[in-house]
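**Student:**
2 protein chains.
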Amino acid sequence: MNPVNQAFEYTPIGIMHSPHTVPHETPIQPVFAQACPGWAEIRPEYAEGLRDLEGFSHVYLLYHLHRAGPAIMQVEPFMDTQSRGLFATRHPCRPNPIGLSLVELLAVEGCILRLRGVDILDQTPLLDIKPFVPRFDQCQDARGGWTDSVNDEQARTRGARGFEKGNL
Amino acid sequence: MNPVNQAFEYTPIGIMHSPHTVPHETPIQPVFAQACPGWAEIRPEYAEGLRDLEGFSHVYLLYHLHRAGPAIMQVEPFMDTQSRGLFATRHPCRPNPIGLSLVELLAVEGCILRLRGVDILDQTPLLDIKPFVPRFDQCQDARGGWTDSVNDEQARTRGARGFEKGNL
Numbered sequence: 001m002n003p004v005n006q007a008f009e010y011t012p013i014g015i016m017h018s019p020h021t022v023p024h025e026t027p028i029q030p031v032f033a034q035a036c037p038g039w040a041e042i043r044p045e046y047a048e049g050l051r052d053l054e055g056f057s058h059v060y061l062l063y064h065l066h067r068a069g070p071a072i073m074q075v076e077p078f079m080d081t082q083s084r085g086l087f088a089t090r091h092p093c094r095p096n097p098i099g100l101s102l103v104e105l106l107a108v109e110g111c112i113l114r115l116r117g118v119d120i121l122d123q124t125p126l127l128d129i130k131p132f133v134p135r136f137d138q139c140q141d142a143r144g145g146w147t148d149s150v151n152d153e154q155a156r157t158r159g160a161r162g163f164e165k166g167n168l
Numbered sequence: 169m170n171p172v173n174q175a176f177e178y179t180p181i182g183i184m185h186s187p188h189t190v191p192h193e194t195p196i197q198p199v200f201a202q203a204c205p206g207w208a209e210i211r212p213e214y215a216e217g218l219r220d221l222e223g224f225s226h227v228y229l230l231y232h233l234h235r236a237g238p239a240i241m242q243v244e245p246f247m248d249t250q251s252r253g254l255f256a257t258r259h260p261c262r263p264n265p266i267g268l269s270l271v272e273l274l275a276v277e278g279c280i281l282r283l284r285g286v287d288i289l290d291q292t293p294l295l296d297i298k299p300f301v302p303r304f305d306q307c308q309d310a311r312g313g314w315t316d317s318v319n320d321e322q323a324r325t326r327g328a329r330g331f332e333k334g335n336l
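So the sequence lines, in the order shown, correspond to chains A and B. Terminal number for the first sequence in this note's numbering: 168, no gaps in between. Terminal number for the second sequence in this note's numbering: 336, no gaps in between.
1. Can you give me the Cβ contacts of P92/A inside the same chain, cut-off strictly under 6 Å, excluding the 5 residues immediately before and after it?
2. Looking only at DSSP bridge pairs, what is G206/B linked to?
3. By DSSP, does G85/A sit in helix, in strand, or in coil?
4. When burial is assigned at 16 or more other CB atoms within 10 Å of the CB, is H58/A buried or exposed?
5. For a test of the three-state rule: what should DSSP assign to E244/B, helix, strand or coil?
6. I need the straight-line Cα distance from P195/B to I288/B, nearest angstrom please.
7. In the stretch 211 to 236 of chain B, which residues sit with their C-beta less than 9 Å from some C-beta in chain E, listed in chain order?
8. Between L127/A and G38/A, is the Cβ-Cβ spacing less than 9 Å?
9. Can you tell me whether H20/A is buried or exposed, with buried defined as 16 or more other CB within 10 angstroms of its CB?
10. Name the DSSP beta bridge partners of F56/A, please?
11. Taking only beta-carbon atoms, is R84/A less than 9 Å away from chain B?
12. Determine the extent of the beta strand (DSSP E) in which G267/B is found, giving its start and end residues.
13. Would you call the CB atoms of D305/B and A142/A closer than 9 Å?
14. With a threshold of 9 Å between beta carbons, is A107/A in contact with chain B?
15. Under the rule that 16 or more other beta-carbon atoms within 10 Å means buried, what is G110/A, buried or exposed?
16. Would you decide whether P302/B is buried or exposed? Buried here means 16 or more other CB atoms lie within 10 Å of its CB.
17. Is the shortest distance between the beta-carbon of W39/A and the beta-carbons of chain B less than 9 Å?
18. Could you give the residue range of the alpha helix (DSSP H) that holds P134/A?
19. Closest to E45/A by CA distance: which of L268/B, A201/B, Q308/B, L254/B is it?
20. Thinking C-alpha only, which one of T89/A, L61/A, Q123/A is nearest E104/A?
21. Does any residue of chain B have a CB that is nearer than 9 Å to the CB of E9/A?
22. With 16 other CB atoms within 10 Å as the buried threshold, where does A88/A fall?
23. Let's test the definition: count the other Cβ atoms within 10 Å of the Cβ of Q308/B and tell me whether it reaches 16, buried, or not, exposed.
24. What does I297/B pair with, by DSSP beta-bridge criteria?
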């Protein structure tokens with residue numbers, strides 16, 4: 001396994017702006033933050049790369065989980081109370097703390113992406129943007145492991161973490 | 169935009185094994201590599217984090233695109249002939265060359281994940297594994313921008329890049 005001894009250095013392509021400033025009050029996934037606006041500010045040198053993006057309704061954001069603690073192999077997922085293997089969860093305390101969110105793209109205005117369904121902390125460094133391509137990314141009939149046994153009410157209440165309490 | 173001047177260093181959690189050894193003959197997405205087996209070999213120190221993963225039918229793999237060239241802001245997507253903004257494509261020549269594939273998980277055997285639908289080059293350094301959670305990740309009614317106008321036949325022929333020619 002020699003190639004895995006290398007390390008790779010990444011530099012942010014931009015920064016996230018959102019109303020979420022407290023990690024434990026931040027919704028754990030876009031599905032629990034549906035009404036939440038936010039925007040991504042992209043470095044001017046990458047503006048040209050945003051061309052043609054506006055035709056997509058959804059984008060994946062990859063970002064550095066800058067407030068995550070050290071990696072732990074057994075975690076209690078936010079959505080449940082039973083401990084699980086880290087890689088069977090989306091918990092932020094990972095060996096490489098890269099976050100992945102599928103958010104709604106409302107508009108592209110110069111170097112700004114206007115977004116909805118933002119579950120990302122304010123000031124999070126953004127690493128990449130990928131379009132959601134229905135032909136590649138739609139996955140019907142998937143089994144969700146332990147998450148399938150969490151009921152919708154519990155998932156939503158615990159997942160939203162107080163965000164938009166009025167709607168719960 | 170001060171926080172974006174930082175750099176982040178990631179170290180592989182494991183390595184990919186696949187039949188794909190030539191970049192330009194590698195299918196561009198799992199959907200064009202459906203029958204293709206492969207496996208991920210995870211570092212032993214992370215084995216405990218794989219617990220509970222087997223219940224999931226699909227996982228996202230995040231990996232370092234180790235054969236990608238320097239970033240270019242205008243690219244010709246593999247699936248089409250017209251130039252597009254980089255971030256409106258899944259092209260590998262990105263500022264942070266992180267690949268994202270949604271693959272089928274067949275089994276977890278110790279530190280080995282048996283996979284199907286592998287569109288990843290052999291020896292690719294693996295950065296993270298995230299479970300596909302239907303509640304978070306299913307996205308109906310998405311618009312696919314320019315990719316919606318590529319017909320299925322062209323997408324499949326160009327996307328498979330000769331892989332399993334007999335099936336095209």
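By construction, the Cβ of each residue, glycine as well, lies at the ideal position given by its N, Cα and C atoms.
**Tutor:** The relevant details are as follows:
1. L65, A68
2. L283/B
3. strand
4. buried
5. coil
6. 8 Å
7. Note that chain E does not occur in the displayed structure, where the protein chains are A and B.
8. no
9. buried
10. G312/B
11. yes
12. 266 to 277
13. yes
14. no
15. exposed
16. buried
17. no
18. 134 to 137
19. L254/B
20. L61/A
21. yes
22. buried
23. exposed
24. L229/B
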